[in-house]
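Okay, structure first, notes after.
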Amino acid sequence: MAGILVYALHYEGAFNKNSLGAVAEAAKLAGELGTEAHAIVVGEGIADDLAAQLGGYGAAKVFKVEAPEGLAQPVVDAMAKVMTDNGHDYALFGGGLLGFEIGAGLAARLGAGVTMEVTNVTVQDGRLVAERPILGDSAISESRYKGVGIIIGRLNAFEVPASTGASAPVETVAVELSPWSTKAKLVKRGEQRGADVDIEGADILVAGGRGLGKAEGFEQLQELADAFGGNSAVAATRAVVDAGWYPYAAQIGQTGKTVAPKLYLAAGISGAIQHKVGMQSSENIVAINKDANAPIFEFADLGIVGDLNKIVPKLIEAVKAKKGS
Amino acid sequence: MAGRNGAVAPGAYPPPVDSPNEFIKRQLDPEDERIEVGVAIVGGGTAGLATANRLLQLLADDPETLERLGEVPVAVIEKAKVCGGHNLSGAVVRPGPLQELYPEYTREQWREAGWAFGEVTKEAVYMTPTGKVALRIPTPPPFKNHGNEVISVSALARWQQQLAEEGGAYVLTETSATQLLVEDGVVRGVRTGDKGRGKDGEPLGNFEPGTDVTAQHTVLAEGCWGTLTGAAIREFDLAEGREPQVWELGVKEVWKVPKPLDRLIHTIGPWPLRISAKYGQIGGTWIYPMKNAKGEDLVSIGFVVDLEYADATTSAHDLLQQFKQHPLVRKILEGGERIAWGAKALPGGGYWSMPKLTMPGALLVGDSAGMVDTVALKGVHHCIKSGILAGEAIYAALKRGSTDLSAYEDAVEESSIGKELWQVRNTRQPFQKGFLRGGPGVNLQIATKGKLPGRKEWHRNDAKPMFIGSTAKGYPKPDGKYTFDKLSSVFITGNATRDDAPNHIRVRQNVPREVAETWRWMCPAGVYEIPEDAPEHGNVDVIVNYTNCVQCGAITAKGGRLTPPEGGDGPLYQIT
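Same order as they appear, the protein sequences are chains A and B.
Everything in the first sequence is counted per the numbering used here, starting at 1 for the first residue and increasing by one.
Everything in the second sequence is counted per the numbering used here, starting at 1 for the first residue and increasing by one.
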């Protein structure tokens, strides 16, 4: 049976947000293709009821494979077997470095076509077409596949709906690992370049640019993010990272991270296109800038022209008051 | 030195560069660590690749000589992601040298290959006395382009790369050449740049050191402002007895337009420039029709400004945006869409500024040698022709087993390059006195086709004192549809310079505001910023956003220096 197989990455009993988005996207596409979306989980001692939760995002079935966690090669072995046995036409990944590595290995193993950093997938003439921004996001290229197609999303490309609460049947598959797949061991998990906040997963981002005037300006942004509480974090532009005011891990934009929080509050950010491409999918964009001509006001949902040193403290007070009430 | 808008020359604030010491390596790495090639060509632009193409044509019929060049007979070292990635020109070319080099291809095939866009059949030259009026004038002889071809040098270089690779060249893209190898007074090759260094030069996880690439002959085809060319000129005194080089800066856009443009257009101002001696602005524009192989109508439009100007707020990018406001341009572009942008400096000194072209073990071709006729706005055909002559001279030397390339020097002088550049050798110098005072002298030179004897001098662009004028007041506010700011323009070049790469731009800090403003406005890519809290008068520091850099090279004309960045950085031009 043809279909789409999605790799669902999990860590400490929870699925990765981008994987859930990919499952939901696959379910939508499978509907249009008249086929099914399946998910695969690979790891050590995964509980069936955890795997079954993927049904809530649209997986018709979940394959569970017992293999070492956090490494690409065991997943390549597992996905190659499941796809060959079940005749899946496509594999879909939510993104991330592990997704890139698995996808590339799987493409080599299956002789499949592979497209990375995909931002949109459509159905045309009964086949999937992947869209990938190229040339620094200035143009879109489309990939079609002659045989099996492997599509790896850009982080946050696929929206994550709320779970329907449905659960999917779980099928345990025994996979014989290739000799080289067991050679590597996961020794330690660490964040890339010392990131201590998950800005890609945050619901509210308070981002600062050169308009803050000095590195200390980030203190009030942190205070504002703390006031919002919940899943909030502070982010930064390339200019201020360059100036050494804030760590690279929090950089948004063309050469930084791509984010899509529910609220993106841009303080002292002019909104050059190089920044815009990293945050334009945010649900609500609020901009504070003293220059009324700043490009950010052209795509902000709410723009405030004024001195952020006066506005931000008031905002902190207001948010605190609202939260307190 | 920095008074209230008191004129200061950028040349008084030279960049922290120690050339040739920095760019010449005199001790070669041990033999087993080097890469040995036959002929090393630095720069995969039109001139370097023409050299490769011609040389490989000759070697194809001579297996014996080819054999002597070893495993890698010809290596082309290109810093862009692909050849052509950093190339930009108008460009309307005289077809002769291209037909001579590629006799088996027709002009129709050039167009199918995607780098040529049609023969010029109609043309017009306009004066623009104001932002509203355009007066057609009889086409001055240097502007006659009938029968020439509109091309993209970026696309041409990509095609030449393909031919070179088919002919057996090794094209090392994403590789900078950072040092000239010189041993016992002979050029022995080049050293490629390190990759994977951090901001402070520290090796990162993906660090790869450069390599000494040794060659029997080295061709410097770096284009305008080659770092190694500059070092070679000093090392071997190649500019002795010549005039200093002077420079111009061009900013170009390519538009997809709703209806075809039926003629090739040049405008010679004065609007939007200020031609008074005080402002010292000289420049002009082009608007060229292009029809691509898909039948779509495109237009190449560009603004070129002489870097001799005195108003620090002169910005070629913004002048182009301002020029687009003219009704003459609006009726061509409106309803269309901008598909490309780019910027490049070009050498403008011509004949008297050309350095000696050869040194032991190496030679110069194309823009590296200053082979541009800035009266006719033409250099591509000279690039190709010099490549042909260089290829032939190197082949002859290889055949003789000699390292003497001086025959190339005479061949260039006697060719169309020498003849055409001689004719206009004194034409533009009078403009250094200002457009109005110099104009009659320029016209006299054009009318007499260089028959007047003598030699007119150039003075250095960075010796021109700068003041903060009001040119910037005329620039339109970008609307993001018809007029654009610098950063969104850089964005569509596909520029992808690593954020944590070392800074490849050298400028002094703590400079008079006039100098800082000159850099800020001149740079088409928005590299230089003056902090908001900097003092209004006196000296300021400059923020250098070097990751925006599109490597146009203009900064070198006004007191800074562009040095080779890490290979693969910078723009990825496709159709400029």
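Note that beta-carbon positions come from the ideal geometry of N, C-alpha and C, so glycine has one too.
Query	Result
Complete alpha helix (DSSP H) runs within the segment 441-498 of chain B (minimum length 4 residues, chain order)	486-491
Residues that DSSP places opposite A/M83 in a beta bridge	Partner(s): none; A/M83 has no beta bridge.
Inter-stretch contact at 8 Å, needing at least 3 Cβ pairs: the segment 97-116 of chain B / the segment 383-391 of chain B	yes
Any C-beta of chain B under 8 Å from that of A/V140	In the sequence under discussion, the amino acid at residue 140 of chain A is Ile, which differs from the Val named in the question. Closer than 8 Å: no.
Straight-line gap, A/K323 to B/Q321 (C-alpha atoms, nearest Å)	49 Å
Which of helix, strand or coil DSSP assigns to B/E409	helix
Close Cβ partners of B/E337 (< 6 Å) along its chain, the five nearest in sequence each way excluded	K256
Check whether B/S154 and B/Q574 have beta carbons under 8 Å apart	yes
Local conformation of A/D48 per DSSP, three classes	helix
Distance cut-off 7 Å: A/F297 Cβ against heavy atoms of the ligand NAP	The ligand NAP is absent from the structure shown, which contains no ligand whatsoever.
Contact set between the segment 487-505 of chain B and chain A, restricted to residues whose Cβ is under 9 Å from the partner	L487, S488, V490, F491, I492, T493, G494, N495, A496, T497, R498, D499, D500
Where the beta strand (DSSP E) containing A/V6 begins and where it ends	3-7
Short Cβ contact (8 Å threshold) for B/L572 with B/G85	yes
Proximal residues to B/G370 (C-beta, below 8 Å), its chain only, five neighbours per side dropped	Q245, P347, G349, G350, S353, M354, P355
Touch test, the segment 259-279 of chain A against the segment 197-217 of chain A, Cβ-Cβ under 8 Å, three pairs minimum	yes
Contacts of A/T255 in chain B (Cβ-Cβ under 7 Å)	D499
Contacts around B/G118, its chain only, beta-carbon distance under 8 Å, and the 5 residues preceding and following it disregarded	R111, E149, V150, P289, M290, K291
Interfacial residues, the segment 268-285 of chain A to chain B, with Cβ spacing under 7 Å	A272, I273, Q274
Outcome for B/T471 when other beta-carbon atoms lying within 10 angstroms are tallied against a minimum of 16	buried
Beta-carbon contacts of B/G567 that lie in its chain and below 7 Å, excluding the five residues immediately before and after	K79, E174, T175, S176, G193, K195
Contact set for B/T314: own chain, Cβ-Cβ below 7 Å, skip 5 residues either direction	Q281, V305, T471, W521, M522
Contacts of B/T572 in chain A (Cβ-Cβ under 7 Å)	For the sequence presented, residue 572 of chain B should be read as Leu rather than Thr. Going along chain A in sequence order, the residues near B/L572 (Cβ under 7 Å) are L135.
A/A227 versus A/A51, A/L308, A/K314, residue with shortest Cα-Cα distance	A/K314
For B/K195, three-class secondary structure by DSSP	strand
Which listed residue (B/S300, B/T556, B/D499, B/A169) has its alpha carbon closest to that of B/C224	B/T556
Nearest residue (CA-CA) to B/K558, options B/R460, B/P524, B/E532	B/R460
Any chain A beta carbon closer than 8 Å to B/K477	yes
Buried/exposed call for B/E222, threshold 16 Cβ in 10 Å	buried
Segments of 3+ residues assigned as beta strand (DSSP E) that fall wholly inside the segment 280-367 of chain B	283-291, 297-306, 337-347, 362-364
Residues that B/P270 bridges to, as DSSP identifies them	B/T128
Residues near A/Y90 by beta carbon distance below 6 Å, same chain, minus five either side	I4, L128, G149
C-beta atoms of A/Q251 and A/I316 nearer than 8 Å	no
Pair within 8 Å by beta-carbon distance, A/D198 and A/A225	no
Span separating the alpha-carbon of B/L209 from that of B/R197	Rather than Leu, the amino acid found at residue 209 of chain B in this sequence is Pro. Going by the C-alpha atoms only, they are around 9 Å apart.
Residues of the segment 288-322 of chain A whose Cβ lies closer than 9 Å to any Cβ of chain B, in chain order	N293, P295, E298
8 Å contact criterion, which B/N486 and B/P524 should meet: CB distance rounded	Residue 486 of chain B is actually Lys in this sequence, not Asn. The pair is a contact, with the Cβ atoms about 6 Å apart (cut-off 8 Å).
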